[in-house]
Amino acid sequence: MPHAASEPPPTLAPMADPLSGHHDTTSPLHHHVSTMADRELSIRNAIAAYNADPAMSIRRAAQLHNVPRSTLTGRLKGANPHALAHQLQQRLTPEQEAWVVD
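For reference, each letter of the sequence shown is one residue, going 1 to 102 in UniProt numbering.
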C-alpha cells in the first residue's frame with residue numbers, strides 16, 4: 001500500500017556492520033556498549049566502583065556502568081574476560097593477530 005504524500009516512508013533500524021561489529025549509536029534501541037574494548041572497560045569500572053564503596057551493591061554498580069549484573073557477579077567471583085577465556089580456541093595467537101593487523 002503506497003504512503004500518502006505527507007507521510008514519510010518507514011525506515012528500518014540501523015544494523016551492525018558485520019565486519020567491524022560497530023553499531024549506529026543514534027538508534028533509540030542502542031542499549032549496549034559498542035565495542036568489546038568499551039564493554040571490558042565498563043566492566044572494569046563497575047568492579048572498581050563496587051570495590052571502592054562498601055555500601056554499593058553489585059546490582060547498583062552494574063546499573064551505573066551499563067553491564068549485566070550476571071557478568072559483574074561472575075567477574076567478581078573470578079571469571080575471565082571473554083577474549084581471555086576463549087584464547088585457546090583461536091586459530092591465531094594474539095601476537096600473530098597483531099602482526100596480521102599491522
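Cβ atoms here follow ideal geometry from the backbone N, Cα and C, with glycine treated the same way.
Grouping DSSP H, G and I as helix and E and B as strand, with all else coil, what is Gln90? Locating residue 90 in the sequence shown gives position 90, counting from the first residue. Gln90 falls in the coil class under three-state DSSP.
Near Ile47, which residues of its chain fall below 8 Å by C-beta distance, leaving aside the five closest residues on each side in sequence? Stepping through the sequence shown from its first residue, residue 47 is reached at position 47. Taken in chain order, the residues that qualify are Ala61, Leu72, Arg75 and Leu76.
Contiguous alpha helix (DSSP H) assignments of at least 4 residues, all confined to the segment 54-100: 58-64, 69-76 and 82-85
If I follow the unbroken alpha helix (DSSP H) through Asp102, where does it start and stop? By one-based count along the sequence shown, residue 102 stands at place 102. Per DSSP, Asp102 belongs to no alpha helix (DSSP H) and is neither H nor E.
Suppose the cutoff is 8 Å on Cβ atoms and the five residues either side in sequence are ignored; what does the same chain contact list for Arg59 look like? As a first step, residue 59 is located in the sequence shown; it is residue number 59 there, counting from the start. If we look at Arg59 and ignore the five residues flanking it on each side, its Cβ neighbours are Arg69.
Could you name the residues of the same chain whose beta carbon sits closer than 8 Å to that of Ala85, not counting the 5 residues immediately before and after it, in chain order? Your numbering for residue 85 matches position 85 in the sequence shown. The residues are Ala79.
Using only the alpha-carbon positions, how far apart do Val101 and Ala55 sit? The count along the sequence shown starts at 1 and reaches residue 101 at position 101. The count along the sequence shown starts at 1 and reaches residue 55 at position 55. The straight-line gap from Cα to Cα measures roughly 44 Å.
If distances are taken between C-alpha atoms only, which option among Thr35, Glu97, Trp99 and Arg39 comes closest to His65? Your numbering for residue 65 matches position 65 in the sequence shown. Taking only the C-alpha atoms, the option nearest His65 is Arg39.
Let's test the definition: count the other Cβ atoms within 10 Å of the Cβ of Ser42 and tell me whether it reaches 16, buried, or not, exposed. Within the sequence shown, numbered from 1, the residue matching residue 42 stands at position 42. Label assigned to Ser42: buried.
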